[in-house]
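Protein chains in written order, with the working numbering: chain A, 323 to 894; chain B, 67 to 201.
One structure below.
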Amino acid sequence: MGKEIKIKEGYFDKAKRTRTWSGIPVNEVYRPEDVKGMDYSRELGDPGTYPFTRGVYSNMYRGRLWSRRLITGCSTPALTNERFKYLLSEGETAINMICDQPTQICLDPDHPMADGAVGRSGVPICTMNDMFTIMDGIPLDEISAMLTAITPIAFPSYLLLAQKTGVPWNKLRGTGGIWPPSLSSPVCMYGGREWHSAFRSEMEEFVAETEWVAKNLPLWNPTNYNAYIIRETGVTAAQEAAFIFAQVFEVLKTAQECGADMDLIASKISFTFSSMIDIFEEVAKFRAARKIYARTLKETFGIKNPKWLRMKMHVNTGGILMEFPQAIINVARGAYAGLAAVLGGCQSLQICGYDEAVAIPTEEAATIALRTEQILAFESGVTNVADPLGGSYYVEALTEKMEEEIQKLLDEIEGMGGLTVAINKGWIDQQMEKAWLTYQKEVENKDRVVVGVNEFTIPDEADRAIPVYHHEVDQELVQRYINEVKELKKNRSQQKVEKALDNFRRAAEKGGQNLLPLAMECCKAYVTTAEARGVYRMAKGLPYDPYEMVEYPFKSKVRPKKNSSETIQATM
Amino acid sequence: MADENPRILLGKVGLDGHDRGVRMLATWLRDTGMEVVYIGTHNTPEAAVKAAEQEDVDFIGLSFQGAEHIPLLKMVAVKMKEAGLNDVLLVAGGNIPRQDIPVLKEIGVDAIFPPGSPMKTITEYFRKRGSRKRG
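The structure is reproduced here in structure tokens:
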């Protein structure tokens, strides 16, 4: 039996929700009085001028389009290399590398817990060789690379590959590699789990490393603050911006206390934001965020060079936006969210594959996402004018409202004594919990329509099955990869490995040092991700293996210092 | 007895950290008056089963995202048997393809809630199944 046809009801359908995605109530219409008293040069300014509300460059996309940068991580380094080359040949202009779960939490593929997880939701990077394979044949002096892996092996391997292929480091362009203690990471979606006890000592290392990168890789932004992951917990647009800023400001405050050159630290910051489907709200968020960022860096942290007041961002369209039922319609969702990002002035964009709800994109899903970006870039006309929505009564009023909400949250966190306190008190968790519970209740009560989920649904059996990358994974190839790692571990010079690890550990114990050169020495000796991270953990008073299933494999056994923190899980 | 509120262990095993769904469910179930023991992410199958034993729960509910549900649930089922948790039901949810449901049933998973399962459906299941220990 077919569905009941409701023509008349449908004809008189009207907009039911009168709030933004995040729940901000909005008026039926906006008028000049809604933006009365707004001082153009103070609140907005032309694009490319302080406070950068309207964008970080004067001519925006007439100067350079956003980087078309799709998330990529296939089950082995070789397959990932193939995918990169395919996407680049189809017009992708920059790359975005995602690692599998074991790599993300710094376990090797032969760890007992990694069984079944290797190459599942990203590419494994265990040794220098993996990075070499992933980037094989891709000219490092031409590509802008985003390394989302926070491992002691990934970024140093990339630097070594540049050396090997004769590319000077000052030609390398990219993002990521070193991170300060972080509220958000690719593995931990929930508030504060990555926030460690060793904050101060890690901050000192971070400052030293940033200084080193600034000197040696002027085109590289080693620190990418990930607001996207925060948004993925289901929080509001204002919370997304406020929570990431709270983190950045806490890091900057600590850097200041460490006596860092603040202009230099600020020069190396970039962001990843989410873009959801409420176009105007997202645009308002991006505009308000740029303004607050510029103002705070100038007024609170005394950053002098206006260039470093610009909040530059990669945008990832909301993963939680992508639904499981009738997955193909996610193509439309990705397009709207991508439009919001572009209208909001992003520097780099990844539109999620329509299969985002279930996996890392298949080649087909990635291609459609890339084509969607190309349609935006070359057909839609949205690239013609900088900040095209500027001056809209609604968007300006909403930007102001968004600024107010973000600032209010920041003040609240500040009032509590900063982000660390807010996390430890469980306040961040509570905020996240409240936000997603509200969302879910709205969906289940149909106060919020999600097409294909609570309205316009079809029976499961009629739903087109999504081709899923996971099911395409060739287990034989993965097993071969794991065997290769095991072989490599056996055949390398154990003496060199041990020596490199010892030096790395000692420097980490001492604290406050730039560890990158020593990490590169580890890479050269074929130290693995888990080994380097393991000795680092030991240096910080944690067990070698977060699961305590694997023993430190070398004879110079070092007894881990007693861990003072309760959050062992935090430092995975 | 159906009206007896069950005690439910919720969390994740394995390396995946996507916990929005399971956290949301924990809050939702607590909201409806059920007792939830939330064990967080990155647990070993052994640790999850041990927690279930110690907490004397009626259900072990595990959430998955990274496509490792089959090997991990197998391990959990084995550990449950070893621990003699015969009156505890194993439940799974999250990013589980529908074609895997028969395999999971075979392993001994009592109920599977694939993507798109409303919280209300899951709540109803727990309430209907109730507590076999205390009922």
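Here a beta-carbon is modelled for each residue, glycine too, at the ideal position from N, C-alpha and C.
With respect to Gln165/B, Ser443/A sits apart: the two C-beta atoms are not nearer than 9 Å. Sorting Gly581/A, Thr705/A, Gln423/A by C-alpha distance to the C-alpha of Gly834/A places Gly581/A at the top.
Between the alpha carbons of Gly160/B and Tyr716/A lies a gap of roughly 38 Å. Cβ-Cβ distances below 6 Å link Met146/B to Val115 in the same chain, with the five nearest sequence neighbours on each side left out; the list follows chain order. Note on geometry: alpha-carbon atoms of Asp458/A and Asp85/B lie some 35 Å from one another.
Check the Cα spacing between Glu562/A and each of Leu539/A, Thr594/A, Asn543/A: the tightest is with Thr594/A. In the structure shown, the three-state DSSP call for Tyr104/B is strand. None of the residues of the region 385-398 of chain A has a beta carbon lying less than 7 Å from any beta carbon of chain B.
The region 690-699 of chain A makes no contact with the region 520-530 of chain A: fewer than 3 CB pairs, one atom from each, lie closer than 8 Å.
With a beta-carbon spacing of about 6 Å, Asp124/B and Arg198/B fall inside the 8 Å limit used to define contacts. By a beta-carbon distance limit of 8 Å, Leu387/A does not contact Thr639/A. Their separation comes to about 17 Å.
Nearest neighbour of Ala688/A by Cα position, chosen from Arg609/A, Arg391/A, Ser592/A, Ser714/A, turns out to be Arg391/A.
Of the candidates Gln423/A, Lys486/A, Asp463/A, Ala484/A, the residue whose Cα lies closest to the Cα of Ile472/A is Gln423/A. Nearest CB-CB separation between Leu81/B and chain A: below the 9 Å threshold. With respect to chain B, the C-beta atom of Val357/A has no partner C-beta closer than 9 Å.
Taking a cut-off of 8 Å on C-beta distances, the region 796-808 of chain A touches the region 425-440 of chain A, as three or more cross pairs fall below it. Closer than 8 Å at the C-beta level to chain B, one finds these residues of the region 544-562 of chain A: Glu554, Thr555, Gly556.
When Cβ pairs closer than 8 Å are counted between the two stretches, the region 645-655 of chain A is seen not to touch the region 612-631 of chain A, the count staying below three.
Non-local beta-carbon contacts of Ser389/A in its own chain, meaning distances under 8 Å to residues more than five positions away in sequence, involve Thr415, Ala416, Ser466, His636, Gln669, Ser670, Leu671 in chain order. Between Pro781/A and Thr684/A the beta-carbon gap is near 24 Å, outside 8 Å, which marks them as no contact.
Put simply, of Ala158/B, Arg89/B, Gly182/B the residue whose alpha carbon is nearest the alpha carbon of Ile136/B is Ala158/B.
In terms of Cα proximity to Glu355/A, the closest of Leu741/A, Glu718/A, Tyr383/A, Lys575/A is Glu718/A.
Here Asp677/A is buried, its C-beta having at least 16 other C-beta atoms within 10 Å. With a threshold of 16 other beta carbon atoms within 10 Å, Ile750/A meets it and is buried. Residues of the same chain with a CB within less than 7 Å of the CB of Glu412/A, apart from the 5 flanking positions on each side, are Thr689, Leu692 in chain order.
Counting other Cβ atoms within 10 Å of its Cβ, Glu727/A reaches 16 or more and is therefore classed as buried.
Its Cα nearest to that of Asp361/A, the residue Thr375/A stands out among Thr375/A, Val348/A, Arg553/A, Tyr352/A.
The DSSP-derived three-state label of His84/B is coil. Met141/B and Val573/A have their C-alpha atoms spaced approximately 41 Å apart.
Within the same chain, and ignoring the five residues on either side of Thr455/A in sequence, the residues whose Cβ sits closer than 7 Å to its Cβ are Pro399, Ala400, Asn403. The beta carbon of Arg89/B falls within 9 Å of a beta carbon belonging to chain A, placing the residue at that interface. For Arg442/A, the nearest CB of chain B lies under 9 Å from its own CB, placing it at the interface with that chain.
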